[in-house]
Amino acid sequence: MDLYEYQAKELFGRHGIPVPAGAIATTPARAGEIAAELDAPVVIKAQVKTGGRGKAGGIRPAAGPAAAATEADRVIGMDIKGHIARRVLVEAATVPFEEYYAAFLVDRAEGTFLAMVSAQGGMEIEELAATDPDAIVRLPIDPATGVDADTARLLAAKAGLPEQAAGVLEQLWRVLVEEDALLVEVNPLICTTDQRIVALDGKVTLDDNAAFRHSWEDYEESTDSLEDRAKAKGLNYVKLDGTVGVIGNGAGLVMSTLDVVAGAGADPANFLDIGGGASAKVMADGLEIILADPDVRSVLVNVFGGITACDAVANGIVTALELLGERGHGRPIVVRLDGNNAEVGRRILSDARHPAVRQVSTMDGAAETAARLAAGA
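Heads up: the sequence shown begins at 1 in the UniProt record's numbering, then just goes up one per residue.
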């Protein structure tokens with residue numbers, strides 16, 4: 001379970017990790033009140049479970065209460081990569097002297113824990129790893145010994161962080177262990193002009209398998225993100241950054257489809273596996289989720305009939321488009337059917353003559369068509 005930034009910082013605070021003063025607002029008026037209570041310049045931060053908030057305009061400075069209310073009004077309701085900002089964190093503005101990166105996570109490939117620390121914080125860790133991999137100190141952590149004061153000092157020294165950062169690194173490790181987290185990340189972890197170490201941001205992923213040991217009810221809430229809506233419908237969905245929506249039956253086929261779409265010169269907008277039982281309801285739910293993403297310009301349905309025959313899939317698509325009504329007409333839907341009863345399924349789609357549907361017989365051809373349509377060609 002991923003936490004919002006404000007929830008991560010609540011955990012940090014309980015473990016003695018310094019964070020800026022702030023509070024949550026769900027209305028512009030409340031944001032202004034919080035800014036007045038803090039009696040200082042503030043930052044309005046969209047609370048969504050995705051990165052890229054700053055680039056999307058979801059993090060805004062405000063000099064006082066009136067400006068805080070204005071900026072909160074701009075941010076609340078903002079769509080950031082399919083996540084709707086229903087609340088904002090109104091936080092005292094903190095000027096960093098230096099910015100660092102620190103994370104502890106479960107390294108599944110090696111079957112252990114991993115510490116990642118860098119003196120170059122503030123940028124996305126993937127970008128830093130690509131441009132300057134030597135800037136990141138990676139240290140495997142023995143679960144039996146963990147991170148004590150000596151290990152924390154070693155990490156800080158190797159990464160070029162000031163000595164006082166070691167204490168915060170040790171506390172971040174305690175968050176990971178005591179809260180049964182899979183990931184604890186701070187980017188940026190800052191040193192202020194008066195030499196205080198402060199977690200300016202926070203990302204925490206809790207292990208759902210450990211829920212019985214904790215009281216996490218406060219963190220479990222319904223949201224309107226596409227991932228949450230898909231999860232509620234029993235769909236395996238992951239939002240990506242592209243323009244071609246992808247639906248397939250089976251994780252392996254969907255992964256292959258993503259690769260083929262990328263090879264056709266387009267970026268996939270999502271991963272959506274409808275599984276083996278592609279009923280009309282499942283197909284309708286899948287199309288509804290994908291078409292709710294404003295970034296999607298075309299949809300590629302790639303199905304290999306096996307246990308569920310292609311004629312059942314085709315009937316599901318036709319019924320789904322009937323259920324969606326006008327929502328199913330706006331963007332082209334490219335369909336590739338193969339396998340059990342593929343010819344019957346193709347005939348069903350042809351007879352339906354839905355204006356949004358284009359049939360292509362091969363996966364490569366379907367991907368190329370979807371990519372071309374997404375580009376407006």
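The beta-carbon is built from N, C-alpha and C at its ideal position, and this holds for glycine as well.
If you compare alpha carbons, which of I80, D364, D2 and V313 is closest to A241? Along the sequence shown, read from residue 1 onward, the residue named residue 241 stands at position 241. Note that residue 241 is Asp in the sequence shown, not Ala. The option with the nearest alpha carbon to D241 is I80.
Who pairs with S118 in a beta bridge, going by DSSP? Residue mapping note: residue 118 aligns to position 118 of the sequence shown, counting from 1. Note: S118 sits in a beta bridge opposite Y101 and I136.
Under 9 Å, do E91 and P20 count as touching if we go by C-beta distance? Here residue 91 corresponds to residue number 91 of the sequence shown, with the count starting at 1. Here residue 20 corresponds to residue number 20 of the sequence shown, with the count starting at 1. Yes, they are a contact pair.
Boundaries of the beta strand (DSSP E) in which R336 is found, first to last residue: If you number the sequence shown from 1, residue 336 lands on position 336. That run of the beta strand (DSSP E) goes I333 to G339.
Pick helix, strand or coil for N236, following the three-state DSSP scheme. Working through the sequence shown from its first residue, we reach residue 236 at position 236. If DSSP states are grouped into helix, strand and coil, N236 belongs with the strands.
Under the three-state DSSP convention, the category N249 falls into: Taking the first residue of the sequence shown as position 1, residue 249 is located at position 249. Coil.
For S118, which residues in the same chain have their Cβ closer than 7 Å to its Cβ, ignoring the five residues on either side in sequence? Counting from one through the sequence shown, the residue named residue 118 turns up at place 118. Closer than 7 Å at the Cβ level, and outside the excluded window around S118, lie Y100, Y101, L128, A135, I136, V137 and A159.
Roughly how many angstroms lie between the CA atoms of V43 and I84, to the nearest whole one? Taking the sequence shown and counting its residues from 1, the one referred to as residue 43 is at position 43. Taking the sequence shown and counting its residues from 1, the one referred to as residue 84 is at position 84. The straight-line gap from Cα to Cα measures roughly 19 Å.
Which residues does DSSP list as the beta-bridge partners of S298? Walking along the sequence shown from the start, residue 298 turns up at place 298. Paired residues: V244.
Under a three-way DSSP split, which group does Q171 fall into? Within the sequence shown, residue 171 is the residue found at index 171, counting from 1. Correct three-state label for Q171: helix.
Using a Cβ-Cβ cutoff of less than 6 Å, which residues in the same chain neighbour E71 once the five nearest sequence positions on both sides are dropped? As a first step, residue 71 must be located in the sequence shown, where it is residue number 71. Only I44, R60 and A62 meet the Cβ criterion.
Would you identify the three-state DSSP class for P41, choosing helix, strand or coil? In the sequence shown, counting from the first residue as 1, residue 41 sits at position 41. Residue state, collapsed to three classes: coil.
Supposed close pair N340, V303 - CB separation, criterion 8 Å: Residue numbering aside, residue 340 sits at position 340 when the sequence shown is read from its first letter. Residue numbering aside, residue 303 sits at position 303 when the sequence shown is read from its first letter. The Cβ separation is near 10 Å, so there is no contact.
To the nearest angstrom, report how far apart V344 and L105 are at their CA atoms. What you label residue 344 is simply residue 344 of the sequence shown in a count that begins at 1. What you label residue 105 is simply residue 105 of the sequence shown in a count that begins at 1. Distance between the alpha carbons of V344 and L105: 49 Å.
In angstroms with no decimal places, state the Cα-to-Cα distance between V254 and I290. Looking up residue 254 in the sequence shown gives position 254. Looking up residue 290 in the sequence shown gives position 290. Between V254 and I290, the C-alpha separation is close to 14 Å.
Below 9 Å between beta carbons: does that hold for L176 and I190? Residue numbering aside, residue 176 sits at position 176 when the sequence shown is read from its first letter. Residue numbering aside, residue 190 sits at position 190 when the sequence shown is read from its first letter. No, they are not a contact pair.
From K49, A93, S256 and N236, residue whose alpha carbon lies closest to that of A35: Position 35 of the sequence shown, counting from 1, holds the residue named residue 35. Closest option to A35, Cα to Cα, is A93.
Counted within 10 angstroms of its Cβ, other Cβ atoms place G316 as buried (16 or more) or exposed: For the purposes of this step, residue 316 is identified with residue 316 of the sequence shown, where counting begins at 1. It counts as buried.
Would V244 pass as a contact of S298 if the rule is Cβ separation under 9 Å? Numbered from its first residue, the sequence shown carries residue 244 at position 244. Numbered from its first residue, the sequence shown carries residue 298 at position 298. A contact, by the Cβ cut-off of 9 Å.
Is S222 buried or exposed, if buried means 16 or more other CB atoms sit within 10 Å of its CB? On the sequence shown, position 222 is the one that residue 222 refers to. Here the model assigns S222 a pLDDT of 49, short of 50, so the residue's position is not dependable and the matter cannot be decided.
Mind checking which residues open and close the beta strand (DSSP E) that includes N270? The count along the sequence shown starts at 1 and reaches residue 270 at position 270. Unbroken beta strand (DSSP E) run through N270: N270 to D273.
Unbroken stretches of the beta strand (DSSP E), 3 residues or longer, contained in the region 185-229: 197-199 and 203-206
Kindly indicate which three-state DSSP category V106 falls into: helix, strand or coil? Residue mapping note: residue 106 aligns to position 106 of the sequence shown, counting from 1. V106: strand per DSSP, three-state reduction.
To the nearest angstrom, how far is it from the Cα of T145 to the Cα of E185? On the sequence shown, position 145 is the one that residue 145 refers to. On the sequence shown, position 185 is the one that residue 185 refers to. Spanning the two alpha carbons is a distance of roughly 20 Å.
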